[in-house]
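Peer 1: In our numbering, the protein residues as written are 929 to 1458. Where is the CB? At the ideal position from N, CA and C, for every residue including glycine. Quantities reported herein were computed from a predicted structural model and do not represent experimental measurements.
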Ligand code: C2E
Ligand code: CA
Ligand code: CA
């Protein structure tokens, strides 16, 4: 048998587990949500940065491209005629390092040096070309070794004449494409299969470390792309997680405290029930049942009363459902059986005297009830007849009929309580073979009225008689109801008309016909037998 202490420890453990789970869930949820939002923010930031880098380089190349036609008209003209205009143009486009005019594949005029005589193909592979070209290259004349972007515009059909524009990208990448650590570690300008970064210069390979990710965006206007190297939105968000720890911890502790407080009320009531059993606060009351043929009390129904020292009187309609929900109904029924056995001396010691005990279907459905009855009832060898009352309001579908047979074999009577209020099909009646049907008080109440229930009362009576099952009417309050029931063959009656539930110790005085002392709670009038 579960002890009150072990039950209480169980509740405490459950409550602690619930609070820990809430805290853990909050922690995971906070970290999870922060991670997801931070990752998407990082991604947005990287995309915006890449877009901005492409636009910055576009902005530099657009004015250069704008001068294309003007410059190609210079090709073929003597250098001294156009040299000054070229210098002015180069100066007006600040990022332009130099302009060179090419005739028949030979650079013959430079904005910086004036007259020249250099074979272009020896200076820059891939040039001259019949189509405009953008190339990554290294300056070989002015700032030797510095990276430049070369823009080639052909001025003749065969592509042997044209203009070479050198754009200073070293300045551009250091000023505009400054990496933003830790989010962006490198920025790379790619043209064709060549890559330039401030740190590594020009190379024909894009080298990536294992933990690096690359986001590339191509320009819509020029044949270049910008590749941004980052540790990745996910890795960055993960790195950022420890900074979220204080918020997550505060939140989870707060929610754990709230759930501890929220479960306190629920648990404390169940704890009260456990404590109530341990301290024997539950008192057994009994309500007599009358056999109207003999005018004798033929038995009692045991009903629990709880005078909680902290909460006052608590009705069984309140604590029984809580006990059922919290798996306390079996311990409570054991309590009722042991207390009834302890007080058996108050009842007539004859097998004709019935003692009805209410049993919840959850307890009934388990074999545990049979064990409990053997251990706590039969071990005491009582003379009285045990009746187990099983309410029809509960679902009786799962009843194991072997258990019912075993109870019958042991001589226990089975009563179906609140009969008529359940929704089960009548076929189970045949299988369950109850010995007694207790007509619910709502049907007794309907006697003598026009309510539909009064017709149902007649049907229930007819059904019991047809199936040869004993009928007991509950909630008999008026002589008219008693008279009607007797006339229709219901001989066992229970209700306020005869006696309200009374403490077991007062039953002998009631039975002897004396008036029991008035009770503060649920007292009863003196017995009247009709
Ligand atoms: P129940 O088994 O149907 O018990 C009959 C209820 O009707 C009792 O209410 C009783 O006081 C009340 N009653 C008796 N005669 C009259 C009457 O003439 N008029 C009216 N209006 N009521 C009458 P109680 O004691 O408040 O119990 C309510 C319910 O709580 C019980 O209904 C039963 O389902 C449950 N209960 C009580 N004690 C136990 C118990 O030890 N174990 C279990 N599992 N349930 C119990
Ligand atoms: Ca009952
Ligand atoms: Ca009942």
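Please tell me whether, using a cut-off of 7 Å, the distance from the CB of residue 1378 to the nearest non-hydrogen atom of ligand 2 is below it.
Peer 2: Every heavy atom of ligand 2 is 7 Å or more from the Cβ of residue 1378, so no.
Peer 1: Could you check which residue in 1388, 1031 and 1232 has the C-alpha nearest to that of residue 1048?
Peer 2: Nearest C-alpha to residue 1048: 1031.
Peer 1: Does the distance between the C-beta of residue 1300 and the nearest non-hydrogen atom of ligand 3 fall short of 7 Å?
Peer 2: Not under cutoff, so the answer is no.
Peer 1: For the beta strand (DSSP E) that residue 1382 lies in, which residues bound it at each end?
Peer 2: Element bounds for residue 1382: not the beta strand (DSSP E) but the alpha helix (DSSP H), 1380-1394.
Peer 1: Work out the CA separation of residue 954 and residue 966 for me, nearest whole Å.
Peer 2: So the two alpha carbons sit approximately 18 Å from each other.
Peer 1: Since residue 1075 and residue 1062 should fall inside the 8 Å C-beta cutoff, what is the C-beta to C-beta distance between them, to a whole number of angstroms?
Peer 2: No, residue 1075 and residue 1062 are not in contact; Cβ-Cβ is about 13 Å, not under 8 Å.
Peer 1: Return yes when at least one heavy atom of ligand 2 lies under 7 Å from the C-beta of residue 1345, else no.
Peer 2: It does: the Cβ of residue 1345 is within 7 Å (strictly closer) of some heavy atom of ligand 2.
Peer 1: Within a Cβ cutoff of 6 Å, which residues of the same chain sit near residue 1346, ignoring the five residues on either side of it in sequence?
Peer 2: Contacts found: 1319, 1320, 1321 and 1368.
Peer 1: I'd like the span of the beta strand (DSSP E) that includes residue 1126, first residue to last.
Peer 2: Counting along the chain, residue 1126 falls outside any beta strand (DSSP E), and DSSP gives it neither H nor E.
Peer 1: By DSSP, does residue 1114 sit in helix, in strand, or in coil?
Peer 2: Residue state, collapsed to three classes: strand.
Peer 1: Quick check: residue 1295 and residue 1331, are their CB atoms within less than 8 Å of each other?
Peer 2: In contact: residue 1295 and residue 1331 (Cβ atoms closer than 8 Å).
Peer 1: Take every Cβ of the region 1206-1213, pair it with every Cβ of the region 1412-1424, and state whether three or more of those distances are shorter than 8 Å.
Peer 2: No contact exists between the region 1206-1213 and the region 1412-1424.
Peer 1: For residue 1373, is the classification buried or exposed, using 16 other Cβ atoms within 10 angstroms of its Cβ as the cut-off for buried?
Peer 2: It is buried - the Cβ of residue 1373 has at least 16 other Cβ atoms within 10 Å.
Peer 1: In whole angstroms, give me the CA-to-CA distance for residue 1384 and residue 1303.
Peer 2: The straight-line gap from Cα to Cα measures roughly 40 Å.
Peer 1: May I ask you to check if the CB of residue 1366 is nearer than 7 Å to at least one heavy atom of ligand 3?
Peer 2: Yes - ligand 3 has a heavy atom lying nearer than 7 Å to the Cβ of residue 1366.
Peer 1: Decide if residue 1246 is buried, meaning its Cβ has at least 16 other Cβ atoms within 10 Å, or exposed.
Peer 2: Label assigned to residue 1246: exposed.
Peer 1: Measuring CB to CB, does residue 1057 end up less than 8 Å from residue 1087?
Peer 2: Yes, they are a contact pair.
Peer 1: Suppose contacts are defined by Cβ-Cβ distances below 8 Å. Is residue 1389 in contact with residue 1418 by that definition?
Peer 2: Taking 8 Å as the Cβ cut-off, residue 1389 and residue 1418 qualify as a contacting pair.
Peer 1: Between the region 979-989 and the region 1146-1158, do at least 3 Cβ pairs fall closer than 8 Å?
Peer 2: They touch, by the three-pair rule.
Peer 1: Below 7 Å CB to CB, which residues in the same chain sit around residue 1114 once its five sequence neighbours on both sides are set aside?
Peer 2: Cβ within range, chain order: 1107, 1125, 1127 and 1157.
Peer 1: Between the region 1220-1230 and the region 1261-1281, do at least 3 Cβ pairs fall closer than 8 Å?
Peer 2: Enough Cβ pairs lie closer than 8 Å, so yes.
Peer 1: What are the complete beta strand (DSSP E) segments, minimum 3 residues, inside the region 1295-1363?
Peer 2: Whole beta strand (DSSP E) segments, 3+ residues: 1313-1319 and 1341-1347.
Peer 1: Is the region 1357-1365 touching the region 1390-1408, taking contact as three or more C-beta pairs under 8 Å?
Peer 2: Result yes; three or more Cβ-Cβ pairs closer than 8 Å.
Peer 1: Work out the CA separation of residue 1409 and residue 1415 for me, nearest whole Å.
Peer 2: So the alpha carbons of these two residues sit roughly 10 Å apart.
Peer 1: So which of 1420, 951 and 943 has the shortest CA-CA distance to residue 1182?
Peer 2: Ranking the options by Cα distance to residue 1182, first place goes to 951.
Peer 1: Is residue 1320 near ligand 3, in the sense that its beta carbon is under 7 Å from a heavy atom of that ligand?
Peer 2: Because no heavy atom of ligand 3 lies under 7 Å away, the Cβ of residue 1320 does not count as near it: no.
Peer 1: For residue 1159, count neighbouring Cβ atoms within 10 angstroms of its own Cβ and tell me buried if that reaches 16, exposed if not.
Peer 2: With 16 or more other Cβ atoms within 10 Å, it is buried.
Peer 1: Spell out a yes or no on whether the region 1297-1312 and the region 1261-1268 are touching, meaning 3 or more CB-CB pairs, one atom from each, closer than 8 Å.
Peer 2: Yes, the region 1297-1312 is in contact with the region 1261-1268.
Peer 1: Enumerate in chain order the residues of its own chain whose CB-to-CB distance from residue 1021 is below 8 Å, with the five nearest sequence positions on each side excluded.
Peer 2: Excluding sequence neighbours, residue 1021 sits near 991, 992 and 995.
Peer 1: Does DSSP put residue 1025 in a helix, a strand or coil?
Peer 2: It is a strand residue.
Peer 1: At a threshold of 7 Å, does residue 1261 count as lining ligand 1 (C-beta to nearest heavy atom)?
Peer 2: Under cutoff, so the answer is yes.
Peer 1: Between residue 1288 and residue 1257, how many whole angstroms is the CB-CB distance? I'm expecting something under 8 Å.
Peer 2: That pair is a contact at about 4 Å.
Peer 1: Between the alpha carbons of residue 971 and residue 1059, how many angstroms are there, rounded?
Peer 2: Their Cα atoms are separated by approximately 37 Å.
Peer 1: Is residue 1424 near ligand 1, with its Cβ less than 7 Å from a heavy atom?
Peer 2: Because some heavy atom of ligand 1 lies under 7 Å away, the Cβ of residue 1424 counts as near it: yes.
Peer 1: Among all the DSSP beta bridges, which residues are the ones paired with residue 1145?
Peer 2: Paired residues: 1154.
Peer 1: Kindly indicate which residue of 1317, 1214 and 1006 has the alpha-carbon position closest to the one of residue 1435.
Peer 2: It is 1214.
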